[in-house]
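Written out below as structure tokens is the structure these notes cover.
There are 4 protein chains.
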Amino acid sequence: MKKEINYKSHCIKLLENRGCRIDDITDIVFDLQKKYIATLTRDVCEDAIDRVLDKREVQYAILTGIELDIQAENGKLSEPLQSLVAEDNPLFGIDEILVLSICNVYGTIGLTNFGYLDKVKPGIIGKLDKEGKDTHRCHTFLDDIIGAIAAAAASSVAHNSAL
Amino acid sequence: MKKEINYKSHCIKLLENRGCRIDDITDIVFDLQKKYIATLTRDVCEDAIDRVLDKREVQYAILTGIELDIQAENGKLSEPLQSLVAEDNPLFGIDEILVLSICNVYGTIGLTNFGYLDKVKPGIIGKLDKEGKDTHRCHTFLDDIIGAIAAAAASSVAHNSAL
Amino acid sequence: MKKEINYKSHCIKLLENRGCRIDDITDIVFDLQKKYIATLTRDVCEDAIDRVLDKREVQYAILTGIELDIQAENGKLSEPLQSLVAEDNPLFGIDEILVLSICNVYGTIGLTNFGYLDKVKPGIIGKLDKEGKDTHRCHTFLDDIIGAIAAAAASSVAHNSAL
Amino acid sequence: MKKEINYKSHCIKLLENRGCRIDDITDIVFDLQKKYIATLTRDVCEDAIDRVLDKREVQYAILTGIELDIQAENGKLSEPLQSLVAEDNPLFGIDEILVLSICNVYGTIGLTNFGYLDKVKPGIIGKLDKEGKDTHRCHTFLDDIIGAIAAAAASSVAHNSAL
Numbered sequence: 060m061k062k063e064i065n066y067k068s069h070c071i072k073l074l075e076n077r078g079c080r081i082d083d084i085t086d087i088v089f090d091l092q093k094k095y096i097a098t099l100t101r102d103v104c105e106d107a108i109d110r111v112l113d114k115r116e117v118q119y120a121i122l123t124g125i126e127l128d129i130q131a132e133n134g135k136l137s138e139p140l141q142s143l144v145a146e147d148n149p150l151f152g153i154d155e156i157l158v159l160s161i162c163n164v165y166g167t168i169g170l171t172n173f174g175y176l177d178k179v180k181p182g183i184i185g186k187l188d189k190e191g192k193d194t195h196r197c198h199t200f201l202d203d204i205i206g207a208i209a210a211a212a213a214s215s216v217a218h219n220s221a222l
Numbered sequence: 060m061k062k063e064i065n066y067k068s069h070c071i072k073l074l075e076n077r078g079c080r081i082d083d084i085t086d087i088v089f090d091l092q093k094k095y096i097a098t099l100t101r102d103v104c105e106d107a108i109d110r111v112l113d114k115r116e117v118q119y120a121i122l123t124g125i126e127l128d129i130q131a132e133n134g135k136l137s138e139p140l141q142s143l144v145a146e147d148n149p150l151f152g153i154d155e156i157l158v159l160s161i162c163n164v165y166g167t168i169g170l171t172n173f174g175y176l177d178k179v180k181p182g183i184i185g186k187l188d189k190e191g192k193d194t195h196r197c198h199t200f201l202d203d204i205i206g207a208i209a210a211a212a213a214s215s216v217a218h219n220s221a222l
Numbered sequence: 060m061k062k063e064i065n066y067k068s069h070c071i072k073l074l075e076n077r078g079c080r081i082d083d084i085t086d087i088v089f090d091l092q093k094k095y096i097a098t099l100t101r102d103v104c105e106d107a108i109d110r111v112l113d114k115r116e117v118q119y120a121i122l123t124g125i126e127l128d129i130q131a132e133n134g135k136l137s138e139p140l141q142s143l144v145a146e147d148n149p150l151f152g153i154d155e156i157l158v159l160s161i162c163n164v165y166g167t168i169g170l171t172n173f174g175y176l177d178k179v180k181p182g183i184i185g186k187l188d189k190e191g192k193d194t195h196r197c198h199t200f201l202d203d204i205i206g207a208i209a210a211a212a213a214s215s216v217a218h219n220s221a222l
Numbered sequence: 060m061k062k063e064i065n066y067k068s069h070c071i072k073l074l075e076n077r078g079c080r081i082d083d084i085t086d087i088v089f090d091l092q093k094k095y096i097a098t099l100t101r102d103v104c105e106d107a108i109d110r111v112l113d114k115r116e117v118q119y120a121i122l123t124g125i126e127l128d129i130q131a132e133n134g135k136l137s138e139p140l141q142s143l144v145a146e147d148n149p150l151f152g153i154d155e156i157l158v159l160s161i162c163n164v165y166g167t168i169g170l171t172n173f174g175y176l177d178k179v180k181p182g183i184i185g186k187l188d189k190e191g192k193d194t195h196r197c198h199t200f201l202d203d204i205i206g207a208i209a210a211a212a213a214s215s216v217a218h219n220s221a222l
């Protein structure tokens, strides 16, 4: 069990190093669900994010996606993959495939939330997407990872409030 | 081959009988993609929808989903399924699962588009969703089917314009 | 919470009425995992199945799939869906789509196990598949439902033994 | 269009460099489908593989997966990802997620075929899996990529023979 706890804190640190605090994800989950649940608090959202980050599959997807972003940022991938990731080609699609495992941890409504966030790009998602496009930073996988964590957490909140 | 052609026209007729013309779907695809493709025409969108409806898996999902809607409308399903479908319970999720096969026919970006449409419910999707909630009509599966056809067609348009 | 518990026992009763006891599913899970875990017991497998059946998405998929089987058996579906389901057409695919939500409850390895069971059809899966093909009974969805429950339970067993 | 053709031949060369010829994949597809189609020829299988490799999403998954294998083989990934990929941890799951986009190009039956191949590991899949486990070579993603290409090609063969 110890190993997993380390993975989780390692993932949270990785997200922070790449520019995303848990608080930024809480903002998105809260905004997404407050229209459905009048009594929703940020604590409930943060707790849901915490449980999403407990899942092994989520941790693996974070580790893999951020690694590819960092390697592309440093020009370390082989061509043509280097250009595809560095340019965040909208038809690349591997970023979205990778995070399906995150979206799905609390069932299919995670997919719907993810699709919405991926199109609308609220808060930190839009900020990182823009930074990835305007600077040398590469956030091709990161914005999808954040969207998927938020989507899964929102699904968890929705499921729990329905009990 | 003949059989399939019949399935396709049968599906188009089913959609019409339930309140959705191909033209209504074209509206959604055009609105979704015109911001990305300045030269987009409605003909291109209609053509993409036509190709989506050619696919066997799409036809099967349409046949199954609309059957469940009609049976629920007529009170012919067993409980508790009857209530779950008739009330369009947002956590039911089988409607979204069923149409994954439609979304995916042109790759993962179909999923993202579907998630967006499912949340925003533009045009005919919102109209049917409302009718399903306010009247005796049941459109639990239909609105997802339409969203998925539009999402897949939009993906096809995006792929082709990128060539 | 009460409602869910009822759904679960209702699903178990439905499975039994259609010819599948939990014990039959335990056989499959045990056979699938005993080669990987020397100390595996049937109790561990049964417990994993029990937790799979606790999940709302699993219950919904069971309710929907078995309803379609029963209606097809009684000739109550509209054509051409009636023939597609009654004949268990191998390209129909909606049965496999429907149970994806079951396979995925414990992550992607559920998918792999499901694919294997769907091809090899061990124990009760093969028995019901044959009954569906040779008699008036229709088990088009049931065999996939059982395979998916077994696959998800096997994934849960694998994950737990790895901790 | 030119770019895509280059991607395809680049992918075929990558597969060969890692130890898998198209002919090895043809063996698997032929073995998988010959029991269902008495008149099946290797040419039909090869043609189906060729069409799978035409798909952009397939090419992207091949590029990404093989890159991760090569980087792990050279010890170039960050920990803990380096160990997870190099050791081919059976619960890692990202290899299976990545190739879902390949499996799905011809519909859901691709998933079933993939699950079967991933368990049984016939021909080149088993050979590479063993090589990855016994030597310094890393084929964590490659064996899933090959299984997914074979599974998608087998689905295409099945669909076409049913017309």
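Chains as they are written, first to last, in the working numbering: chain A, 60 to 222; chain B, 60 to 222; chain C, 60 to 222; chain D, 60 to 222. All C-beta atoms in this analysis are idealised placements derived from N, C-alpha and C, irrespective of residue type, glycine included.
Looking at residue i: is its Cβ nearer than 8 Å to the Cβ of residue j?
{"i": "residue 187 of chain C", "j": "residue 79 of chain C", "result": "yes"}
{"i": "residue 176 of chain C", "j": "residue 140 of chain B", "result": "no"}
{"i": "residue 119 of chain A", "j": "residue 71 of chain D", "result": "no"}
{"i": "residue 155 of chain C", "j": "residue 170 of chain D", "result": "yes"}
{"i": "residue 127 of chain B", "j": "residue 200 of chain B", "result": "yes"}
{"i": "residue 210 of chain C", "j": "residue 162 of chain C", "result": "yes"}
{"i": "residue 101 of chain D", "j": "residue 85 of chain D", "result": "yes"}
{"i": "residue 164 of chain A", "j": "residue 117 of chain A", "result": "yes"}
Output needed for residue i: all residues of its chain with C-beta closer than 8 Å, excluding positions within five of it in sequence on either side, in chain order.
{"i": "residue 99 of chain D", "result": "89, 92, 93, 216, 220"}
{"i": "residue 83 of chain C", "result": "182, 183, 205"}
{"i": "residue 61 of chain B", "result": "With a pLDDT of only 45 at residue 61 of chain B, under the threshold of 50, the placement of this residue in the model should not be trusted; the figure read from the coordinates follows. Contacts found: none."}
{"i": "residue 195 of chain D", "result": "132"}
{"i": "residue 95 of chain C", "result": "217, 220"}
Which whole-angstrom value is the C-beta distance of residue i and residue j, which I expect to be below 8 Å?
{"i": "residue 124 of chain B", "j": "residue 157 of chain B", "result": "5 Å"}
{"i": "residue 214 of chain D", "j": "residue 174 of chain D", "result": "Actually they are not in contact, since the Cβ atoms of residue 214 of chain D and residue 174 of chain D sit about 12 Å apart, beyond 8 Å."}
{"i": "residue 197 of chain A", "j": "residue 107 of chain A", "result": "In fact, because the Cβ distance is near 28 Å, the residues do not count as touching under 8 Å."}
Tell me where the alpha helix (DSSP H) around residue i begins and ends.
{"i": "residue 120 of chain A", "result": "115 to 132"}
{"i": "residue 99 of chain D", "result": "No alpha helix (DSSP H) contains residue 99 of chain D, which DSSP labels as neither H nor E."}
{"i": "residue 198 of chain A", "result": "Here residue 198 of chain A belongs to no alpha helix (DSSP H), and DSSP marks it neither H nor E."}
{"i": "residue 172 of chain B", "result": "168 to 179"}
{"i": "residue 193 of chain D", "result": "182 to 193"}
{"i": "residue 224 of chain C", "result": "Past the edges of chain C, shown from 60 to 222, lies residue 224 of chain C, and the structure says nothing about it."}
{"i": "residue 142 of chain B", "result": "140 to 145"}
{"i": "residue 157 of chain B", "result": "153 to 162"}
Near residue i, what residues of its chain come up, given a Cβ to Cβ distance below 7 Å and the 5 sequence neighbours on each side ignored?
{"i": "residue 168 of chain B", "result": "214, 217"}
{"i": "residue 147 of chain A", "result": "191, 192, 199"}
{"i": "residue 207 of chain D", "result": "158, 161, 162, 173"}
{"i": "residue 134 of chain D", "result": "141"}
Check the Cβ of residue i against every Cβ in chain E and list those closer than 9 Å, keeping chain order.
{"i": "residue 173 of chain D", "result": "No chain E is part of this structure, whose protein chains are labelled A, B, C and D."}
Got a sec? Which residues, its chain only, sit under 6 Å from residue i by beta carbon, not counting five neighbours each side?
{"i": "residue 202 of chain D", "result": "184, 187, 188"}
{"i": "residue 151 of chain C", "result": "143"}
{"i": "residue 223 of chain B", "result": "This structure gives no information on residue 223 of chain B, because the portion of chain B shown stretches from 60 to 222."}
{"i": "residue 145 of chain C", "result": "131, 197"}
Should residue i be counted as a contact of the ligand ATP given a C-beta to heavy atom distance under 7 Å?
{"i": "residue 125 of chain D", "result": "This structure simply doesn't include the ligand ATP, nor any ligand for that matter."}
(message) Taking beta-carbon pairs under 7 Å, can you tell me which members of the stretch 147 to 168 of chain D lie near chain B?
(response) 160, 163, 166, 167
(message) Beta carbons nearer than 8 Å to chain A: which residues of the stretch 181 to 201 of chain D have them?
(response) none
(message) To be precise: take each residue of the stretch 62 to 76 of chain C, compare its Cβ to all Cβ atoms of chain D, and keep it if any distance is under 8 Å. Which residues remain?
(response) none
(request) Report the residues of the stretch 113 to 142 of chain D with a CB closer than 7 Å to any CB of chain B, ordered along the chain. (result) 116
(request) Report the residues of the stretch 89 to 111 of chain C with a CB closer than 8 Å to any CB of chain D, ordered along the chain. (result) none
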